[in-house]
Structure formats: C-alpha cells, structure tokens
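Protein chains in written order, with the numbering used here: chain A, 5 to 379; chain B, 5 to 379.
We treat Cβ as the ideally placed atom computed from N, Cα and C, and that holds for glycine.
One structure is given below, encoded as structure tokens.
Okay, here's the thing in structure tokens:
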C-alpha cells in the first residue's frame, strides 16, 4: 500500500549486477545509492555508514544522524526539478536489510489473544490473567529471519495424533500479519530503558510474517512455548520505514485497564496504519495497527525491565495484529477457527490452512510489503 | 574440576594489557597466544583465524582445521622439554569466547523435568506427554550471554501476588547447572541436519548457568514460555573444550522408550562428565552429564528438522542437568522445592533462593568453570 513517494524514503540493502551490497533508499521505482551519494559528496556523510551489507552501522549511528540523513535525502528528492539518479528496482537485488541480533515476538493484540484463546481453550477465559498486566512475548530464531520474496519451505516435524505423534510436513501452516520494530541504538546491560525513552532506540518499522505451523506448535509448546513451529522462517520487509515517517500516524489509544505498572505507564497511543493479509491473490483480512493494545515503547520498556540489553539489529515484533471485527483476524488460525471453517478465495478454492504454492502478501500503510510463497 | 593439563587445551579469547583481543588456548596457569604462534610460523595456520575478538572464524573453519590445530598444539605442549611461552593467566583478561548467534535452551534431563513438574503441577503427571518424544526447547536471548566472572544484577520485574502482580526485584532468583554446545559449521536453511552428522557441526562444549527468576517466570510464562525470567543473563565458560577432548567420555546410555521418531534415532549415548553446583562456597549438588536423556546430536537434529539453519556461534544448552538422586538436583527450584525446604550451607546460613552477594560456581570434568556473583 505504498507507492514509495518522496515522503517515505525507507532504507534497505541492495546489490546491483557486479557491485557489493550497499545501503539504499527507495524512491518510486528506483533505489538511491546512499554509498555512492556519500562517496561523491552529495550526502555529507561518511560513506562507511552505507557501504555495508546491512543497515546496522547506519542504525547504530543514532537519531541525530538518522534525522540529518533523512533531511538531506528529502532536500534531494523534493522540488519540481528533483530527479536524482536511481538504480531501477528491477536491477536491484534486495537483501535482508538488517543483521538481526535478537528477535522477540510479542502478543500485543488483545483481539488476537482473545480469538486464539477461545479456539484453543474453549470454555475457559480466553485471555489469560497476565495479559493486561504485561506485554507477553518470547524469543524467536534470529538466524532464520528472511527478506520478503524468499520462498518458504513447508516445515516437517512432529504433529499430534490420536495414537501419538507422527512425523511429516506441517498440515496446519499459517501466516501471521505483524508489525516489527528495528532497534538502532543499543542499551547497556543491566539498565532498563524507560518507556518514555524507548523510541529513541528504534530506527524504524517493517512488516513481519511470523509463519507458524499450528500442528507442530500444539504438540511441542508445553511448557516452554513455541519453538520449531516458528523457527523455520520469519519474513520481513526489504525496506525499513524510518520512525520519523510514521510520526503523523500516531493516534491516542483507549485507556489501559488495569493501569499498568509504573515502568509501562504512558499516555496510551498507537500507530494508525491500515494492514492487509493476502493469500493466493485474495485479501482475506484487513486490520489496523491502532488495534494493538501494547505500544512499541511499552514492548521495549518491558523487554529491558529485567536489565536485558538492546543491541543494534534487534527485531521486536508485535504479534498478530488482529482487530475487533471478523474481517480483521490476521492469521488463518483465527480466520478459519483452526481450519474448521475454511475461507473461500476469489478463485473459488478454499483454505483451512496454507496450500503449497500459495503466495502470502502482507501490506501496510507506509510500510513495505512482505511476500513469501510456500514451496 | 580441570587443571588445564596438556590433554585438554580449550580455546578462549583474551586480551593482555595494551593488546587487541585474540584467540588463545589454556594451558595450566597460562594462555598460549594462537595469533602470535600463527604469525611467527610456530603454528602452520592463517593468523587471521586467531587475530579475532571471538572464536567464530576458527569455529567456522570446520573439523579438519580443528583437528589439525589441536594436533599442532598437542605436539607443541607435550614431551619432556615442551615449555611453550604463555601469557600468565593473571595478565589475561578473558572475554566472551564466542559471538553468540542464536541461543537455544533444551530441557533434556528427565529428572529435572520430573522434579519441576511435581513441584509446579502437584497431583498431575509430572512429565508432560511430549517429553519423551522430542527434546523440548525454546530460544533464549543471545545478546545477554556473558562470560564467567561477569557479575549478575538481580532482575526486576512483575511477580505474582495474591492481589495481582507487584513490581520489584526477583525474590526467587535461581541458578541452573547446564552443559552447552557451540556450533562451528553452519547448515543450509531448509535442510535438516541428520542426527548422525550433527556432531560434525559442533566445535566444543562449555558449562552454562541459565540464571532464572522463578517468580517472574511463574507470572509471565503462559502461554508463550519463559522470557524475562531468563533473558537478564546467561553465563558461560571462558574456555570452550573441543569436542575431540571429550571423545573418551562417551558412554552408552539406556534405551529410549518409546523409540523416538527416525530423525532422532541413534544408539543412545551420553558424556560421562561429573558436574557440580556451588553456592556461596558450598557444593549443593553433584550430578553427571550421563544422566541427560537427549544427546547433543539429537538436540541438533531436532532443532533443524523443520529446516531451521545453524549458524556459527549458535549456543545449544541442555537444560538443567539433574541426576536421579536428591543430591543431584541441579537448581534451587528442585533442591529446595521452590524455596520451601531451604538448603543449609557450610557456614550455617540457609538458602531457599539466591541471596545478594552469593557467588555461584559451576564445575565440570574437562569443562571450564562458570562463576557469577549476584549484585
């Protein structure tokens, strides 16, 4: 849902034929080569920030550098005569934009928590007692985060059965539509990041597809949580939207009840960003990031309250960003009630879970899409 | 429990005054400087393998290089006249030996699973139905793995209470005695590692203290597993014992019942390595790695069966290595029945959980100790 106009200018890493990977900024159908622009003096920055195989050096440079570079690029790309040279997007191989340090996935939509709880624990209170007191989360596998466009191999593993577990390909392969925040500025080990200072550490935002094998998850996840059900792949946008570009989307959110502990307390807010989940050519869910209960600042304050440090390249995802309505359920587990009520696609076929060959596309306002095909 | 004799030769990373970090091998009270030995031709290796701030370049070089270097060092350090120059250990600052990629913690001792299940879910079957079918595990935080000797700050967070959660320092801070395996050779994304080939990827072994805040864990861990209860710190040995040095400790283990799925099947085995857990000067538990149910090869085969890749620097821990006897319970949760039956130390004081100032020391045969003091 982004035309990559000059108001956006997200950052990524690309390689053109015969060249080394370097940092670029997306503009329309082209890529501004920031390493080249810094080398020839068009950008008044150290070229070493951008002649890199990831955004990490630039991300580590901090908010003053981020703002200055964005202002320079804005000057370069605005105005009636602005026609900076770009590499055509068709000539650019897009790489994973960040070297992922740790990957944490939260569970920040109450609608998702409620829908999943009702499906998996029928008859019980769907939202667990801790949910409104803290952003529930867990660590995922950083080494299998892949860039948009990377095919996703259907995972094999142990699935529950009436006569004990069987081994084979997952039969309940799902996608989850999430936002992710990328940490630029690290924090010191042992020192919590205050909720009011949390966004100073965040470089930008992406979409995240937290692929999930529900059958593997159902069998393995007690008592230590999801593991192989998630670790086979996590897809993320090729372009990281700078947080500054999202500032205008910040909206007030409903009061949090009960009031969270002091270290999580702030004026409730969220980003107003439309989101959609497309499967095999059909948009099956439309949601909005404003439905998330916990803000990115609260997620980061919680993540560090025990003294855990942030590192440049940490990826912090929101969990499935479902909204309140039936068309806003942002994964198949919710949409199909664990496969029992398949969704019908525009071509007349239906899906309980993903079929081989399905391409899943996540889109979001001001965020770069995430594509992945099941192979 | 190691004098670092010439049969061991574990690897680490050290810095002496005024020098850059480099790879060393421990020998008695000294450190062999492998970067210097390669630079002056004593070792017939590329100095760039060792002039590094972590073992990762050397670990990535693979088993043939590991064997050759070990053979060269063995030749250098054996024989009546062998007196290679070393840096005195007192002049060496020991650094975290590996750049940790992903950190996975398993739950591979059935005794630990049984003891913990009986304490936390009284009246229910203590070992969950999945436990004997697969090595249960989860991802921990790679960014807070610290080297032996690093002080550990008592974490703060939300703890359960009769009137809802309260915020403050953990009152149930625990240590867990574990082994860890360090991955050297990466594997391809999408391609499982066969159980019979798993050890070809493993560079060596360490001890791991998986510090755990039991009160934080009790409140946060449903439904997605432990998170802040573990992520504040994980301590590991400063010296990595090469797997070759453990070959003589390999012993047959009891048959696994039920037979695991084909991808996990191998002749059952374990390492015979005595282990001990010392708290504030008193050894409170003695166990042995031979009591672990799942082998390191099975852990790695499981970790990758869904197509997840291994990266150089992955740390794969066993979970608490408890044995069958009451003196073999390798964490305070088990030893004190969640604090209700405190252990008495040699100085007459007792502990339900760790007190501020306590130093915890893990020791193991052929493995380098892990120390950490609560501050």
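Assigned secondary structure, residue i (DSSP; H/G/I helix, E/B strand, else coil)
{"i": "residue 129 of chain B", "result": "coil"}
{"i": "residue 99 of chain A", "result": "strand"}
{"i": "residue 253 of chain B", "result": "helix"}
{"i": "residue 347 of chain B", "result": "strand"}
{"i": "residue 143 of chain B", "result": "strand"}
{"i": "residue 322 of chain A", "result": "coil"}
{"i": "residue 78 of chain A", "result": "helix"}
{"i": "residue 71 of chain A", "result": "helix"}
{"i": "residue 370 of chain B", "result": "coil"}
{"i": "residue 148 of chain B", "result": "helix"}
{"i": "residue 118 of chain A", "result": "helix"}
{"i": "residue 86 of chain A", "result": "coil"}
{"i": "residue 277 of chain A", "result": "coil"}
{"i": "residue 267 of chain A", "result": "helix"}
{"i": "residue 330 of chain B", "result": "helix"}
{"i": "residue 358 of chain B", "result": "coil"}
{"i": "residue 282 of chain A", "result": "strand"}
{"i": "residue 138 of chain A", "result": "coil"}
Chain A contact for residue i (CB, 8 Å cutoff)
{"i": "residue 1 of chain B", "result": "As displayed, chain B neither begins before 5 nor continues past 379, which places residue 1 of chain B out of reach and without an answer."}
{"i": "residue 132 of chain B", "result": "yes"}
{"i": "residue 116 of chain B", "result": "no"}
{"i": "residue 152 of chain B", "result": "no"}
{"i": "residue 215 of chain B", "result": "no"}
{"i": "residue 127 of chain B", "result": "no"}
{"i": "residue 64 of chain B", "result": "no"}
{"i": "residue 111 of chain B", "result": "yes"}
{"i": "residue 60 of chain B", "result": "no"}
{"i": "residue 229 of chain B", "result": "yes"}
{"i": "residue 321 of chain B", "result": "no"}
{"i": "residue 169 of chain B", "result": "yes"}
{"i": "residue 161 of chain B", "result": "yes"}
{"i": "residue 315 of chain B", "result": "yes"}
{"i": "residue 378 of chain B", "result": "no"}
{"i": "residue 123 of chain B", "result": "no"}
Beta-carbon contacts of residue i that lie in its chain and below 8 Å, excluding the five residues immediately before and after
{"i": "residue 346 of chain B", "result": "340, 354, 355 and 356"}
{"i": "residue 130 of chain B", "result": "117, 118, 119, 120, 121 and 122"}
{"i": "residue 331 of chain A", "result": "289 and 290"}
Neighbourhood of residue i by C-beta, 6 Å cutoff - its chain only, sequence neighbours within 5 removed
{"i": "residue 286 of chain A", "result": "349 and 350"}
{"i": "residue 334 of chain A", "result": "181, 281, 289, 291, 324, 325 and 326"}
{"i": "residue 300 of chain B", "result": "185"}
{"i": "residue 222 of chain B", "result": "164"}
{"i": "residue 322 of chain A", "result": "110, 112, 182, 183 and 296"}
{"i": "residue 298 of chain A", "result": "112 and 139"}
{"i": "residue 103 of chain B", "result": "58, 60 and 317"}
{"i": "residue 68 of chain A", "result": "none"}
Own chain, CB closer than 7 Å to residue i, minus 5 neighbours either side, in chain order
{"i": "residue 88 of chain A", "result": "36, 80 and 81"}
{"i": "residue 337 of chain A", "result": "120, 123, 178 and 218"}
{"i": "residue 93 of chain A", "result": "33, 34 and 35"}
{"i": "residue 205 of chain A", "result": "187, 188, 189, 191, 197, 304 and 314"}
{"i": "residue 90 of chain A", "result": "31, 34, 35 and 36"}
Closer than 8 Å to chain B by CB, residue i
{"i": "residue 205 of chain A", "result": "no"}
{"i": "residue 15 of chain A", "result": "no"}
{"i": "residue 223 of chain A", "result": "yes"}
{"i": "residue 295 of chain A", "result": "no"}
{"i": "residue 157 of chain A", "result": "yes"}
{"i": "residue 342 of chain A", "result": "no"}
{"i": "residue 176 of chain A", "result": "no"}
{"i": "residue 311 of chain A", "result": "yes"}
{"i": "residue 165 of chain A", "result": "no"}
{"i": "residue 303 of chain A", "result": "no"}
Of the residues that make up the segment 138–149 of chain A, which ones have a beta carbon closer than 9 Å to any beta carbon in chain B?
138, 140, 141, 142, 143, 144, 145, 146, 147 and 148
Where in the segment 6–63 of chain A do unbroken runs of the alpha helix (DSSP H), each at least 4 residues long, occur, reported from the N-terminal end onward?
38–43
Could you pull out every unbroken beta strand (DSSP E) segment of at least 3 residues lying fully inside the segment 180–231 of chain A, listed in chain order?
181–187 and 206–213
Going residue by residue through the segment 284–317 of chain B, where are the continuous alpha helix (DSSP H) segments of at least 4 residues, counting only ones entirely within it?
300–308
With 8 Å as the limit, tell me which residues of the segment 178–196 of chain A have their beta carbon closer than that to any beta carbon of chain B; keep them in chain order.
193, 194 and 196
Name, going along the chain, the residues of the segment 263–284 of chain A whose beta-carbon falls closer than 8 Å to a beta-carbon of chain B.
265, 266 and 267
If you measure beta-carbon to beta-carbon, which residues of the segment 226–258 of chain B are closer than 7 Å to chain A?
226, 227, 228, 229, 230, 231, 232, 235 and 236
Closer than 9 Å, Cβ to Cβ, to anything on chain A: give me those residues from the segment 91–105 of chain B, in chain order.
105
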